[in-house]
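Colleague: What follows is a structure written as structure tokens; I'll ask about it next.
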Amino acid sequence: NAGVMQNPRHLVRRRGQEARLRCSPMKGHSHVYWYRQLPEEGLKFMVYLQKENIIDESGMPKERFSAEFPKEGPSILRIQQVVRGDSAAYFCASSPRAADTIYFGEGSWLTVV
Amino acid sequence: AQSVSQHNHHVILSEAASLELGCNYSYGGTVNLFWYVQYPGQHLQLLLKYFSGDPLVKGIKGFEAEFIKSKFSFNLRKPSVQWSDTAEYFCAVNAGDTGGFKTIFGAGTRLFVKA
């Protein structure tokens, strides 16, 4: 029974490149959440999605960041034209229902050089 | 908007000491409450949760938490910590439809247990 799967685990990008982070939720989970973790800052909510819908993107920066969760395939967090400040751990989580327990993946560490 | 405050950012204890980590949330309606733990180099794992019923909830590894509605608190406790409890602990709240169904986390408390 696979948990939340994230890839890549580690990603290095040069400034100005694009980063794509993928997340496959647990089997039977249709709710996906993305969080960003910076040192000493805890987990910051970015976006909440259900299949084909963005439910809440109040934590997403207005520019360069986007997320999707298509009918088929994993959820994608896309960061265009990365800057050094985007370097962080990005965690995906999923749940079977709204407001229920969320289960985390192992994270994707983005380093921008 | 809901928010979560964790009072201590860093805690250092000796083995066998008792632990209490504070957590307060700002939302006045019905909430679901969680504590997660993140061991070094690992992802977040659920320690325990409160949805309804007995306000004293027991989780894994001997942890427990008490929901006190009048104080908007959900403090985490363990009577006797072990070196293996060294980790970062996150309190989280979900306020359901009035909170947009998103789970919001506190800034975390780093616990270091001295052997």
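For the record, the sequence lines run as chains A and B.
Take the first sequence: its letter number 106 is residue 106 in this note's numbering, and every next letter is one higher.
So the mapping is simple: this note's numbering equals the position in the second sequence, first residue as 1, plus 113.
Note that CB positions come from ideal geometry on N, CA and C, so glycine has one too.
All figures in this text were calculated on a predicted structure; none of them were measured in a lab.
(1) In the DSSP assignment, what are the bridge partners of A/Asp56?
(2) Quick test of your reading: B/Leu134 and B/Asn145, contact by CB under 8 Å. State the CB separation rounded to the nearest angstrom.
(3) Which same chain residues, not among the five before or five after A/Val47, have their C-beta less than 6 Å away from its C-beta?
(4) Going along chain B, which residues have a C-beta under 7 Å from A/Ile102?
(5) Between A/Phe69, A/Phe65, A/Ala99, A/Pro39, which lies nearest to A/Leu49 when the distance is taken from Cα to Cα?
(6) On the criterion of 16 or more Cβ atoms from any shown chain inside 10 Å, does B/Glu201 qualify as buried, or is it exposed?
(7) Taking the alpha-carbon positions, what's the A/Phe104 to A/Met5 distance?
(8) Buried or exposed for B/Asp167, going by 16 or more other Cβ atoms inside 10 Å?
(9) Taking only the alpha-carbon atoms, compute the straight-line gap between B/Phe147 and B/Asp198 and give it to the nearest angstrom.
(10) So A/Leu110 and A/Arg13 are supposed to be a Cβ contact under 8 Å. How far apart are they, rounded?
(11) In the DSSP assignment, find the beta strand (DSSP E) that holds A/Arg78 and state where it starts and stops.
(12) Would you mind working out which of A/Ile102, A/Val82, A/Glu106, A/Pro96 sits nearest A/Val20, comparing C-alpha positions?
(13) So, is the C-beta of B/Lys171 closer than 8 Å to a C-beta in chain A?
(14) Starting from B/Asn121 and walking both ways along the beta strand (DSSP E), at which residues does that stretch end?
(15) So B/Asn104 contacts chain A; which residues on that side make the cut at Cβ distance below 7 Å?
(16) Hey, does A/Leu21 have any beta-carbon neighbour from chain B nearer than 8 Å?
(17) Let me check understanding here. Comparing Cα to Cα, which of B/Val226, B/Leu189, B/Tyr152, B/Phe185 lies closest to B/Gly172?
(18) How about B/Asn207: is its C-beta nearer than 8 Å to some C-beta of chain A?
(19) In chain B, which residues lie with their C-beta within 7 Å of the C-beta of A/Leu43?
(20) Can you tell me which of the three DSSP states A/Ile102 falls into?
(21) Can you name the residues that DSSP bridges to B/Ile217?
(22) Taking only the alpha-carbon atoms, compute the straight-line gap between B/Leu160 and A/Pro25 and give it to the nearest angstrom.
Modeller: For this structure:
(1) Here residue 56 of chain A corresponds to residue number 56 of the first sequence, with the count starting at 1. Note: A/Asp56 sits in a beta bridge opposite A/Tyr48.
(2) As a working note, residue 134 of chain B is residue 21 in the second sequence. As a working note, residue 145 of chain B is residue 32 in the second sequence. With 8 Å as the limit, B/Leu134 and B/Asn145 do not qualify as a contact, their Cβ atoms being about 18 Å apart.
(3) Indexing the first sequence from 1 puts residue 47 of chain A at position 47. Here the set comprises Trp34, Glu57, Met60, Ala67.
(4) In the first sequence, counting from the first residue as 1, residue 102 of chain A sits at position 102. Correct list: Thr216.
(5) Sequence index remark: in the first sequence, residue 49 of chain A carries index 49 (1-based). Nearest of A/Phe69, A/Phe65, A/Ala99, A/Pro39 to A/Leu49, Cα basis: A/Phe69.
(6) In the second sequence, residue 201 of chain B corresponds to position 88, counting from 1. Its Cβ being crowded by 16 or more others within 10 Å, B/Glu201 is buried.
(7) Sequence index remark: in the first sequence, residue 104 of chain A carries index 104 (1-based). Sequence index remark: in the first sequence, residue 5 of chain A carries index 5 (1-based). Computed Cα separation, rounded: 9 Å.
(8) Within the second sequence, residue 167 of chain B is the residue found at index 54, counting from 1. Per the 10 Å Cβ criterion, exposed.
(9) In the second sequence, residue 147 of chain B corresponds to position 34, counting from 1. In the second sequence, residue 198 of chain B corresponds to position 85, counting from 1. Using only the alpha carbons, I get a separation of about 17 Å.
(10) For the purposes of this step, residue 110 of chain A is identified with residue 110 of the first sequence, where counting begins at 1. For the purposes of this step, residue 13 of chain A is identified with residue 13 of the first sequence, where counting begins at 1. Right, their Cβ atoms sit about 7 Å apart.
(11) Residue mapping note: residue 78 of chain A aligns to position 78 of the first sequence, counting from 1. Element bounds for A/Arg78: 75-79.
(12) Along the first sequence, read from residue 1 onward, the residue named residue 20 of chain A stands at position 20. The question names Val, yet the displayed sequence has Arg at residue 20 of chain A. Comparing Cα-Cα distances from A/Arg20 to each of A/Ile102, A/Val82, A/Glu106, A/Pro96, the minimum goes to A/Val82.
(13) Here residue 171 of chain B corresponds to residue number 58 of the second sequence, with the count starting at 1. No, its Cβ sits nowhere closer than 8 Å to a Cβ of chain A.
(14) On the second sequence, residue 121 of chain B is found 8 positions in, with the first residue counted as 1. Run containing B/Asn121: none; DSSP gives neither H nor E here.
(15) Since the first residue of chain B shown is 114 and the last is 228, residue 104 of chain B is not available in this structure.
(16) In the first sequence, residue 21 of chain A corresponds to position 21, counting from 1. Cβ-Cβ to chain B under 8 Å: no for A/Leu21.
(17) Locating residue 172 of chain B in the second sequence gives position 59, where the first residue counts as 1. Among B/Val226, B/Leu189, B/Tyr152, B/Phe185, the Cα nearest to that of B/Gly172 is on B/Leu189.
(18) Working through the second sequence from its first residue, we reach residue 207 of chain B at position 94. So yes, B/Asn207 belongs to the interface.
(19) In the first sequence, the residue the question calls residue 43 of chain A occupies position 43. The contacting residues are Phe203, Phe218.
(20) As a first step, residue 102 of chain A is located in the first sequence; it is residue number 102 there, counting from the start. Of the three classes helix, strand and coil, the one that applies to A/Ile102 here is coil, per DSSP.
(21) Here the question's residue 217 of chain B lines up with position 104 in the second sequence. Note: B/Ile217 sits in a beta bridge opposite B/Val206.
(22) Translated into the one-based positions of the second sequence, residue 160 of chain B becomes position 47. Translated into the one-based positions of the first sequence, residue 25 of chain A becomes position 25. Roughly 20 Å between the two C-alpha positions.
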